[in-house]
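Asker: Dumping the structure here so I can ask a few things about it.
2 protein chains.
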Amino acid sequence: MSQDNTPSTKDRGKAPRVRLKDVAALAEVSVSTVSLVLNGAPRAEALAAETRQRVLDAARELGYRPNYLARSLRGKRTHSLGVLVPEISEGYTAGVMSGIESELEAAGYTYLMVSHHSRPAKLESSIRLFEDRGVEGLLIIGAELPGPIPLPAVTVSGHRPVPGVTTVALDHRTAARLALGHLASLGHRRLAVIRGFGGNVDAEDRWRAIRGAAQELDDFELPPALTVELRSRAYGESFDAEGGYREGYEIGRRLLDAGEPFSALFAFNDISAIGALRAFLDCGLRAPEDISVVGFDDLGVTPFLNPRLTTIRQPLRDMGQAAARLLLAHLDDQKPLGERILIQPKLVVRDSTGPAPDSPSPLDRPGA
Amino acid sequence: MSQDNTPSTKDRGKAPRVRLKDVAALAEVSVSTVSLVLNGAPRAEALAAETRQRVLDAARELGYRPNYLARSLRGKRTHSLGVLVPEISEGYTAGVMSGIESELEAAGYTYLMVSHHSRPAKLESSIRLFEDRGVEGLLIIGAELPGPIPLPAVTVSGHRPVPGVTTVALDHRTAARLALGHLASLGHRRLAVIRGFGGNVDAEDRWRAIRGAAQELDDFELPPALTVELRSRAYGESFDAEGGYREGYEIGRRLLDAGEPFSALFAFNDISAIGALRAFLDCGLRAPEDISVVGFDDLGVTPFLNPRLTTIRQPLRDMGQAAARLLLAHLDDQKPLGERILIQPKLVVRDSTGPAPDSPSPLDRPGA
DNA sequence: AGCCCCTATTCAAACGTTTGAACTTGAAAT
DNA sequence: ATTTCAAGTTCAAACGTTTGAATAGGGGCT
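First to last, the protein sequences are chains A and B.
Here the first sequence is numbered in the numbering used here, starting from 512 and rising by one per residue.
Here the second sequence is numbered in the numbering used here, starting from 512 and rising by one per residue.
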């Protein structure tokens with residue numbers, strides 16, 4: 512009756528997409544019937560079995576594939592999420608993403624991804640973008656939240672509690688106790704620390720936990736001159752893959768130059784640990800004989816470094832999976848959001864930590 | 512006239528979204544006029560300046576944001592792309608993605624991402640998914656293409672020419688010459704090689720180039736017992752971040768056990784190079800004194816390893832950017848696709864390569 | 001006074017679905 | 001012979017845009 516773009520035998524060009532209408536024509540039923548059947552709607556039960564079969568056959572024969580945009584426009588569901596990561600090419604992000612990806616794929620959701628580079632403005636504009644694109648929910652990694660979020664959201668660390676937002680975060684107290692306990696048991700007493708960059712709640716919590724753990728130990732010091740803060744994540748317009756390592760390296764040198772004796776370093780992440788370790792080696796120190804280093808995250812490389820890196824394992828993949836699952840459970844089953852899930856870290860002892868040297872430090876040289 | 516969901520003063524709940532219709536009502540014009548003005552259509556020039564301003568003001572006042580789904584449904588443009596990567600948490604992928612991301616963001620495109628895990632079935636299903644989701648084009652990284660692609664596509668390496676698909680690929684001949692030339696000049700004569708996994712064209716090209724480069728050199732051998740193939744990318748259902756390193760490690764041990772003397776290794780990527788290096792160290796070898804190792808990619812860690820890794824740099828970020836730019840140029844300006852862009856690698860000499868030991872090899876022990 | 005045409009604006013169809021309400025048909029109940 | 005009802009199916013509105021075609025209002029021309 513109305514216009515119809517039948518391929519007219521010779522389908523030159525892009526092969527017009529099969530619509531519900533085409534299936535309906537072939538099956539000799541109405542569009543509604545086709546929609547009902549193809550969606551397995553309860554109402555379709557009422558249809559004659561023969562009719563249903565006819566529709567199914569027609570759809571198969573034509574290779575019908577529903578139009579996502581039309582369906583979403585009408586139905587309000589897009590089966591897509593927005594994922595906000597700090598930096599696409601970071602080990603931390605990669606680990607979490609691999610968990611998120613597998614979970615979303617299994618559930619038939621797609622996602623849009625944007626890096627926020629720890630910049631609040633970017634975070635906010637991305638949230639608006641996602642909203643405009645019709646995502647159903649947000650997965651936010653390592654970001655301080657700007658306030659209430661206009662969509663269901665689950666985060667992976669990075670911020671203090673926001674009502675209605677579920678957070679998957681690491682148990683930093685345990686992490687700190689594990690690392691410091693390990694070092695103390697090896698005889699270390701003066702610890703250098705690479706803190707996460709200020710403003711990052713994860714970093715604050717971690718630092719608080721480290722100080723707490725130090726106090727619980729006898730005769731264990733965190734000399735102020737030996738705690739340095741990363742700034743990496745604070746800017747990072749054009750990302751440089753080497754940035755984090757380089758910063759660790761520079762901090763490593765600065766620590767040695769500080770002239771304060773120390774026998775061990777606890778870094779905020781593996782990346783900076785690797786950089787600092789490199790600096791120590793370059794200055795002629797041996798690890799773990801002269802200095803011990805503990806990283807954080809347990810990235811894939813760590814067991815293959817020289818020396819193998821002792822580190823605190825964050826089950827990044829699990830954290831990503833957990834976050835995704837929680838969000839999906841909310842979207843699909845209305846499970847409420849807002850809890851705080853604590854994830855337990857694990858100490859992985861390898862070769863970069865060893866007994867403290869007998870002398871208070873390998874570095875009692877005042878200058879250089 | 513028709514139904515209208517005006518917030519009725521007390522807007523409880525989710526704040527209904529502002530539609531064109533709402534703006535039209537406030538500006539006292541028709542919906543069409545609003546659409547025209549807000550899109551800066553040429554036809555809008557014909558409107559009275561006063562009207563245009565009224566519309567603009569109304570839109571601003573209400574905070575109008577267009578409905579993406581409706582617009583795309585009608586207009587056929589979604590400003591979104593599909594990105595297919597081998598493995599989300601791989602250094603190679605991360606490098607390329609960082610280039611793609613920055614380019615797409617600048618152009619106002621979003622993208623969906625799926626890992627194909629080098630599985631043809633996954634690749635095909637993902638392409639269908641993307642098609643269904645209405646993406647305008649595809650960016651495919653490191654995958655053998657299943658045949659013609661139903662959408663405009665640009666790839667980053669991984670396959671032999673397909674008509675209509677632009678490829679950004681590395682110049683493997685140059686890469687091989689750089690690596691082998693460097694090693695030969697250091698006196699190395701017998702080279703072990705970790706090849707990429709079979710079926711990957713990138714791997715084949717590289718291997719062909721390596722053999723070619725070896726022939727160009729005097730007295731330079733690639734003993735068959737010392738070329739091993741990666742299998743990593745061939746399966747990889749549940750991804751394990753350590754997988755690639757571990758495989759390199761195992762290959763490293765196998766090479767030593769082969770009993771064939773060699774003084775240098777050229778690995779398919781940095782990951783496997785790092786693993787193999789670790790194996791060599793574990794077996795009591797020193798690098799570069801006893802054995803030299805050349806990696807491939809130049810991931811961020813490489814300058815911080817111990818020893819620092821000599822490697823062939825692939826400008827991954829640039830490759831990603833180039834690919835994205837080419838695809839966008841096609842979509843926005845109809846620039847034709849189908850070329851093959853060759854990217855030049857660079858040799859980065861660090862500490863993992865050194866003069867060949869005097870003895871033909873450190874490994875003239877027949878057993879073990 | 002009638003006609004034409006220009007300017008400024010609106011109509012209404014279309015994009016491809018989903019879904020509440022309505023419509024047939026035939027058989028059972030009155 | 002009419003009404004009642006259920007089973008099976010279709011109508012048509014709606015989702016929020018974009019855009020080709022149509023329209024109203026005026027002013028200038030003959």
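Don't be surprised by glycine CBs; every beta carbon is placed ideally from N, CA and C.
Please read all numbers here as calculations on a predicted model, not as lab measurements.
1. Quick one: does A/Arg644 have its CB under 8 Å from some CB of chain B?
2. Counting along the chain, where does the beta strand (DSSP E) carrying B/Thr822 start and finish?
3. Going by alpha carbons, who is nearest to A/Ala775 out of A/Ala538, A/Ile782, A/Tyr760, A/Phe791?
4. Which value, in whole angstroms, describes the spacing of the CA atoms of A/Tyr746 and A/Val704?
5. Would you check if the region 818-826 of chain B and the region 636-647 of chain B touch, i.e. whether three or more CB-CB distances between them fall below 8 Å?
6. Flag this pair as touching only if the region 777-796 of chain A and the region 832-841 of chain B have three or more C-beta atom pairs under 8 Å; answer yes or no.
7. By the three-class DSSP mapping on this structure, what secondary structure does B/Val542 have?
8. List, in order along the chain, the chain A residues whose C-beta lies closer than 8 Å to that of B/Thr864?
9. Mind listing which residues of the region 571-593 of chain A have their C-beta closer than 7 Å to chain B's C-betas, in chain order?
10. Which residue or residues does DSSP assign as beta-bridge partners of A/Val667?
11. Checking the sheet assignment: what are the DSSP bridge partners for A/Ala703?
12. Please name the residue or residues paired with B/Met624 in a DSSP beta bridge.
13. Is A/Val529 helix, strand or coil when you go by DSSP?
14. Put A/Leu741 into one of helix, strand or coil per three-state DSSP.
15. Out of A/Arg742, A/Tyr760, A/Arg701, A/Arg757, point me to the one whose CA is closest to A/Pro735's CA.
16. According to the Cβ coordinates, are A/Glu771 and A/Gly865 closer than 8 Å?
17. Indicate whether at least one CB of chain A lies closer than 8 Å to the CB of B/Ala834.
18. Between the C-alpha atoms of B/Arg706 and B/Arg851, what's the straight-line distance to the nearest angstrom?
19. Going by beta carbon distance, what residues of the same chain come within less than 7 Å of B/Val712, once the five residues before and after it are set aside?
20. Which two residues bound the contiguous beta strand (DSSP E) that contains A/Phe791?
21. Among B/Ser541, B/Leu728, B/Leu549, whose alpha-carbon lies nearest the alpha-carbon of B/His693?
22. What's the C-alpha gap between B/Ile660 and B/Met624?
23. Could you tell me the distance, in whole angstroms, from the CA atom of A/Arg717 to the CA atom of A/Ala687?
24. So is A/Asp533 buried or exposed if we call it buried at 16+ other beta carbons inside 10 Å?
25. For B/Gly675, tell me which candidate among B/Thr685, B/Leu681, B/Pro663 has the shortest Cα-Cα distance.
26. Apply the 10 Å Cβ neighbour rule to B/Gly710 and answer buried if 16 or more other Cβ atoms are within range, or exposed otherwise.
27. Hey, would you say A/Leu681 sits closer than 8 Å to A/Ile802, going by beta carbons?
28. Compute the Euclidean distance between the alpha carbons of B/Gly849 and B/Thr666, then round it to the nearest angstrom.
29. What does A/Arg789 touch in chain B if you count any residue whose Cβ is under 9 Å from its own?
30. Which term fits B/Val550, buried or exposed, when burial requires 16 or more other beta carbons within 10 angstroms of its beta carbon?
31. Distance, Cα to Cα, B/Leu766 vs B/Asn817?
32. Three-state secondary structure (DSSP) at B/Leu858?
33. How long is the line joining the alpha carbons of B/Arg722 and B/Ala690, rounded to whole angstroms?
34. To the nearest angstrom, how far is the alpha carbon of A/Arg895 from that of A/Leu584?
Answerer: Working from what's here:
1. yes
2. 821-824
3. A/Phe791
4. Because A/Tyr746 sits at a pLDDT of 41, beneath the cut-off of 50, its placement in the model cannot be relied upon, and the point is left open.
5. no
6. no
7. helix
8. Simply none; closest approach about 16 Å.
9. Arg576, Tyr579, Leu580, Ala581, Ser583, Leu584
10. A/Ile652, A/Val679
11. A/Leu776
12. B/Val594
13. coil
14. coil
15. A/Arg701
16. no
17. no
18. 23 Å
19. Glu655, Gly669, His670, Arg671
20. Careful: A/Phe791 lies outside any beta strand (DSSP E), inside the alpha helix (DSSP H) at 781-793.
21. B/Leu728
22. 17 Å
23. 7 Å
24. buried
25. B/Pro663
26. exposed
27. no
28. 10 Å
29. Pro814, Phe815, Leu816, Asn817, Arg819
30. One detail in the question is off: residue 550 of chain B reads as Asn in this sequence, not Val. Exposed, because fewer than 16 other Cβ atoms sit within 10 Å of the Cβ of B/Asn550.
31. 21 Å
32. strand
33. 12 Å
34. Outside the displayed span of chain A (512 to 879) sits residue 895 of chain A, for which this structure offers no information.
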